[in-house]
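Here the structure comes first, spelled out in structure tokens, and everything after it is commentary.
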Amino acid sequence: MLLDVDEHTGGFGGARAYLTDPRAARPAGVMIGYPGMDEVVVGGRGLWRASIAVHAPSGHSGSSKTVIGAITRAAHLVRLLDAAELPGANTGLRFPLPPKLSVTAFHGGQGFSVTPDRVDINVDVRTTPGFDAHDAETLVRKAVAELDAALPAPVPTEVAPVATWPPFRLAEDEQPAAALLNAATEAGLTVRPKTAGPSNIGNLLAGEGIPATAGFGVPYEGLHGIDERAHLAELPQVYAVYQRAVLDLLGG
């Protein structure tokens, strides 16, 4: 059992340390106890993240000279990214969710009288088997090239990739998903396999070639909120399902 106190940050320092420890046994599969009793999460979209630095000459807002500032250029880039065409879900690849692009941060400038020479934005792209990290980076760099061509600046716009995780999805008959789904059914629970929109530690494990489920646990409310809470009364039932699944895997 691995308890990762760095899980909620998204850093997964515990899992990363375990996987890089040459003395640790390499797991054949992992079952992650994320909450929720009505679903077994068998997959998730991946991600590609980048920070983008948009440059322009700085100036004074009251100057008689018109300057296309970094904020204007960055806003144009956001519009290009928002308008970028992404493919739909590809059911032929057994993956029910489409890719998604979001601009999640926009920083630059202060006060009123100075137009800044730099704006930094963050871009988060959720990837799928049919639209992977390479496709995401190509799309973002294409938008950046369009920006620099339409609104030139002395310094080209810079794209710095930050993180990449692959998408993953186990079929219902693949382990450990099959064992967990069967154990829940045998316990009298009605559960369904789910591919999650948000990425999770299952993506990190998939990148290491380790199959994983990323969710079956106690009922919850307020996920990731300040009032996040779990119903512990169902913990014995959840424990029994995992115990049955592990015994089935060991017996197989």
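Take the working numbering: the last position of the sequence shown gets the number 321, and nothing is skipped along the way. Positions of the beta carbon are idealized from the N, C-alpha and C atoms, including for glycine.
Going straight from the alpha carbon of threonine 259 to that of glycine 286, what length do you get? Residue mapping note: residue 259 aligns to position 190 of the sequence shown, counting from 1. Residue mapping note: residue 286 aligns to position 217 of the sequence shown, counting from 1. If I take the Cα positions, the gap works out to 13 Å.
Compare the C-alpha of glycine 113 against each of Phe164, Ser130, Asp204 and name the closest. For the purposes of this step, residue 113 is taken as the residue at position 44 of the sequence shown. The option with the nearest alpha carbon to glycine 113 is Phe164.
First and last residue of the uninterrupted alpha helix (DSSP H) at isoleucine 140: Taking the first residue of the sequence shown as position 1, residue 140 is located at position 71. From DSSP, the alpha helix (DSSP H) with isoleucine 140 extends over 139 to 152.
Are the CB atoms of glycine 284 and valine 109 nearer to each other than 9 Å? As a working mapping, residue 284 is identified with position 215 in the sequence shown. As a working mapping, residue 109 is identified with position 40 in the sequence shown. The answer is yes: Cβ separation under 9 Å.
Considering only DSSP beta bridges, list what arginine 118 is partnered with. As a working note, residue 118 is residue 49 in the sequence shown. The partner list for arginine 118 (beta bridge, DSSP) reads Asp193, Ala232.
Taking arginine 118 and alanine 232 to be in contact with their CB atoms under 8 Å, please state how far apart those CB atoms are, rounded to whole angstroms. Taking the first residue of the sequence shown as position 1, residue 118 is located at position 49. Taking the first residue of the sequence shown as position 1, residue 232 is located at position 163. 5 Å between Cβ atoms; contact.
Mind reading off the beta-carbon distance from glutamine 187 to valine 123? Whole number of angstroms is fine, and I expect it under 8 Å. Residue 187 sits at position 118 when you count from the first residue of the sequence shown. Residue 123 sits at position 54 when you count from the first residue of the sequence shown. Reading the sequence as shown, one finds arginine at residue 187 and not glutamine. Between valine 123 and arginine 187 the Cβ distance is about 7 Å, and since that is below 8 Å, they are a contact.
What separation, rounded to the nearest whole angstrom, lies between the Cα atoms of proline 96 and isoleucine 279? Taking the sequence shown and counting its residues from 1, the one referred to as residue 96 is at position 27. Taking the sequence shown and counting its residues from 1, the one referred to as residue 279 is at position 210. Going by the C-alpha atoms only, they are around 7 Å apart.
Exposed or buried, phenylalanine 181, counting other C-beta atoms within 10 Å across all chains shown (16 or more means buried)? Your numbering for residue 181 matches position 112 in the sequence shown. The residue is exposed, with fewer than 16 neighbouring Cβ atoms inside 10 Å.
Take the Cβ of proline 235 as the centre, count every other Cβ of all protein chains shown within 10 Å, and call the residue buried at 16 or more, exposed below. Counted from its first residue, the sequence shown places residue 235 at position 166. By the neighbour-count rule (16 or more Cβ atoms within 10 Å), proline 235 is buried.
Can you give me the start and stop residues for the beta strand (DSSP E) that threonine 264 sits inside? Locating residue 264 in the sequence shown gives position 195, where the first residue counts as 1. Its beta strand (DSSP E) spans residues 261 to 265.
Three or more C-beta pairs closer than 8 Å, one from the region 137 to 146 and one from the region 204 to 221: is that the case here? yes
Given histidine 176 as reference, the closest of Asn191, Glu227, Lys169, Leu170 once Cα atoms are compared: Locating residue 176 in the sequence shown gives position 107, counting from the first residue. Considering only alpha carbons, the answer is Asn191.
Here's a check: name, in chain order, each residue in its chain whose Cβ is nearer than 7 Å to the Cβ of serine 127, leaving out the five neighbours to either side. For the purposes of this step, residue 127 is taken as residue 58 along the sequence shown, with counting starting at 1. Val183, Thr184, Pro185, Asp186, listed in sequence order.
Roughly how far, in whole angstroms, is the beta-carbon of phenylalanine 237 from the beta-carbon of glycine 271, given that I think they are within contact range, below 8 Å? Sequence index remark: in the sequence shown, residue 237 carries index 168 (1-based). Sequence index remark: in the sequence shown, residue 271 carries index 202 (1-based). Right, their Cβ atoms sit about 6 Å apart.
Isoleucine 190 at chain D interface by Cβ criterion, 9 Å: Among the chains of the structure shown, chain D does not appear; only one protein chain is present.
On the DSSP bridge assignment, give the partners of glycine 128 in chain order. Locating residue 128 in the sequence shown gives position 59, counting from the first residue. BP columns for glycine 128 point to Thr184.
Closest to leucine 71 by C-alpha separation, out of Gly102, Gly79, Gly80, would be which residue? As a working note, residue 71 is residue 2 in the sequence shown. Per the Cα distances, Gly102.
Every unbroken beta strand (DSSP E) within the region 268 to 307, with a cutoff of 3 residues, ordered by chain: 281 to 283
Answer yes or no: do methionine 100 and alanine 281 have a C-beta to C-beta separation smaller than 9 Å? By 1-based counting over the sequence shown, the position of residue 100 is 31. By 1-based counting over the sequence shown, the position of residue 281 is 212. A contact, by the Cβ cut-off of 9 Å.
From aspartate 317 to valine 111, what does the alpha carbon distance come to, in whole angstroms? Here residue 317 refers to the residue found at position 248 of the sequence shown. Here residue 111 refers to the residue found at position 42 of the sequence shown. About 18 Å.
Whole-angstrom distance between alanine 314 and asparagine 251, CA atom to CA atom: Translated into the one-based positions of the sequence shown, residue 251 becomes position 182. Translated into the one-based positions of the sequence shown, residue 314 becomes position 245. Cα to Cα, the separation comes out at about 8 Å.
Lysine 169 (DSSP reduced to helix, strand or coil): One-based indexing of the sequence shown puts residue 169 at position 100. Three-state result, lysine 169: strand.
Helix, strand or coil at arginine 238 [DSSP, three-state]: Working through the sequence shown from its first residue, we reach residue 238 at position 169. Arginine 238 falls in the strand class under three-state DSSP.
According to the Cβ coordinates, are proline 167 and threonine 141 closer than 9 Å? Within the sequence shown, numbered from 1, the residue matching residue 167 stands at position 98. Within the sequence shown, numbered from 1, the residue matching residue 141 stands at position 72. Contact: no.
Whole-angstrom distance between proline 104 and glycine 291, CA atom to CA atom: Stepping through the sequence shown from its first residue, residue 291 is reached at position 222. Stepping through the sequence shown from its first residue, residue 104 is reached at position 35. Near 11 Å, if we compare the C-alpha coordinates of proline 104 and glycine 291.
My output table needs one value for glutamate 76: the three-state DSSP class, helix, strand or coil. Indexing the sequence shown from 1 puts residue 76 at position 7. Correct three-state label for glutamate 76: coil.
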